[in-house]
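First residue of the sequence shown? That's 1145 in the numbering used here, and the numbers climb one at a time after it.
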Amino acid sequence: MDNKKIKIYIIEDYILTRISYVKHFEADEQLEVLGNFGTAEECLSAMEKEPADIVMIDLGLPTMNGIQATKYLKEKYPSTKSIILTSHEDENEIMASIACGARGYILKEMPLEKISEIIKAINIGAYFFDEKIEHIPLGTIPEPKSTNFDNLYDTPELKNRLTERELEVLRLLVQGKTNPEIAKELFVSANTVKAHVGSIITKLEVSDRVQAVVKALQLRLVK
1145 MDNKKIKIYI
1155 IEDYILTRIS
1165 YVKHFEADEQ
1175 LEVLGNFGTA
1185 EECLSAMEKE
1195 PADIVMIDLG
1205 LPTMNGIQAT
1215 KYLKEKYPST
1225 KSIILTSHED
1235 ENEIMASIAC
1245 GARGYILKEM
1255 PLEKISEIIK
1265 AINIGAYFFD
1275 EKIEHIPLGT
1285 IPEPKSTNFD
1295 NLYDTPELKN
1305 RLTERELEVL
1315 RLLVQGKTNP
1325 EIAKELFVSA
1335 NTVKAHVGSI
1345 ITKLEVSDRV
1355 QAVVKALQLR
1365 LVK
């Protein structure tokens, strides 16, 4: 596995929040905070000198807002992944963020430990939208380039642990879809999906769905 650190920029106009992110991420040996800024313009200037892998963007920024910054980053730095940070669950903002290329939409109340795991998952291909946001229409989040189960990584033990249906649910989790969305796509009940997710978490020996996504991507269980 590549041990290269994930390079991060943080854009957050509230300085205490920004400092808490910086301190937490810097304590993680897999993450490197290249810089933190109160405005998008400052970050974009830094990107010209040293692009980051991940940019964490507060939605409610002065002058250029988070959605505008995400759109700019997507166009000029397509390999950089943007994650929106917000205190709101506004559907229009969510849809605009996705349309502009955001790979994640995270509520600020989420524990910092989980945000770190989400960053790692998004860096290797996942999408993540907070579980509280259950009204993102199906089809909004792009499909991975390949979803063929023949592309499973050659890890027989894990491959045999998960059923074909669980692998299908795992693939949709990697795309950032919620339980109700997965249920609708697979024509099953939300309770059935919840049971599959619980089984996946148990079989992969992780503690939650975020860690399941991280492990799936790291081991190439789905692509």
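From the three backbone atoms N, C-alpha and C, an ideal C-beta is built for every residue, glycine too.
Please identify the residue among the options whose C-alpha is closest to the C-alpha of residue i.
i	options	result
L1368	A1265, A1327, T1346 and T1336	Since the first residue shown for the chain is 1145 and the last is 1367, residue 1368 is missing from the structure and cannot be characterised.
D1274	K1167, I1238 and L1311	I1238
T1214	M1191, A1270, S1231 and E1233	M1191
I1262	K1359, L1348 and I1326	K1359
I1250	V1354, L1361 and E1349	V1354
P1195	L1160, V1357, K1218 and T1207	K1218
V1332	D1352, Q1319 and R1309	R1309
R1247	E1257, K1220, S1231 and I1201	I1201
S1164	G1269, E1235, L1361 and L1256	L1256
H1232	M1254, G1320 and L1348	M1254
N1147	L1229, G1179 and I1268	I1268
R1162	L1229, F1272 and T1307	L1229
L1306	H1168, K1220 and E1349	E1349
A1240	Q1212, L1178 and G1179	Q1212
N1304	S1351, G1179 and K1347	K1347
With a threshold of 8 Å between beta carbons, is residue i in contact with chain C?
i	result
K1151	Given the protein chain composition of this structure (a single chain), no chain C is represented.
Spatial neighbours of residue i within its chain, please: C-beta separation below 7 Å, excluding the five flanking residues on both sides.
i	result
P1281	The pLDDT assigned to P1281 is 49, lower than 50, so where the model puts this residue is not dependable; a value taken from the coordinates is nonetheless given after this. Closer than 7 Å at Cβ, skipping near neighbours: no residue.
I1259	I1250
G1245	T1214, K1215, K1218 and S1226
S1343	E1310
Kindly indicate the opening and closing residues of the beta strand (DSSP E) around residue i.
i	result
K1264	Per DSSP, K1264 belongs to no beta strand (DSSP E); it is in the alpha helix (DSSP H), L1256 to N1267.
G1320	Element bounds for G1320: n/a, residue is neither H nor E.
Taking the DSSP output, what are the residues bridged to residue i?
i	result
V1332	DSSP, once it has assigned bridges, lists no residue as partnering V1332.
S1226	V1199
K1151	E1176
Y1249	I1228 and F1273
F1181	I1155
Tell me the residue span of the alpha helix (DSSP H) that contains residue i.
i	result
M1191	A1184 to K1193
L1348	Per DSSP, L1348 belongs to no alpha helix (DSSP H) and is neither H nor E.
Y1216	G1210 to K1220
E1235	E1235 to A1243
Rounded C-beta distance between residue i and residue j? I'm assuming under 8 Å.
i	j	result
I1198	I1227	6 Å
E1176	I1159	Not confirmed; about 21 Å, so no contact.
E1235	M1208	That belief does not hold up - the Cβ atoms of E1235 and M1208 are roughly 22 Å apart, past 8 Å.
P1222	D1157	Not quite, the Cβ-Cβ distance comes to about 26 Å (not below 8 Å), so this is no contact.
A1270	G1210	Their Cβ separation, rounded to whole angstroms, is 20 Å, which puts A1270 and G1210 out of contact at 8 Å.
Looking only at its chain, what residues have a beta carbon closer than 6 Å to the beta carbon of residue i, apart from the 5 residues adjacent to it on each side?
i	result
C1187	Y1153, I1155 and F1181
D1172	S1260
N1292	Here the model assigns N1292 a pLDDT of 36, short of 50, so the residue's position is not dependable, and the following value carries that caveat. Around N1292: no qualifying Cβ.
S1204	Note on residue identity: the sequence assigns Gly, not Ser, to residue 1204. Excluding positions up to five away in sequence, the list is empty.
I1345	A1356
Near residue i, what residues of its chain come up, given a Cβ to Cβ distance below 8 Å and the 5 sequence neighbours on each side ignored?
i	result
V1341	V1313, L1317, N1323, R1353 and A1356
A1327	S1333, A1334, T1336 and V1337
L1361	A1265, I1268, G1269, A1270 and V1318
V1166	I1154, V1177 and N1180
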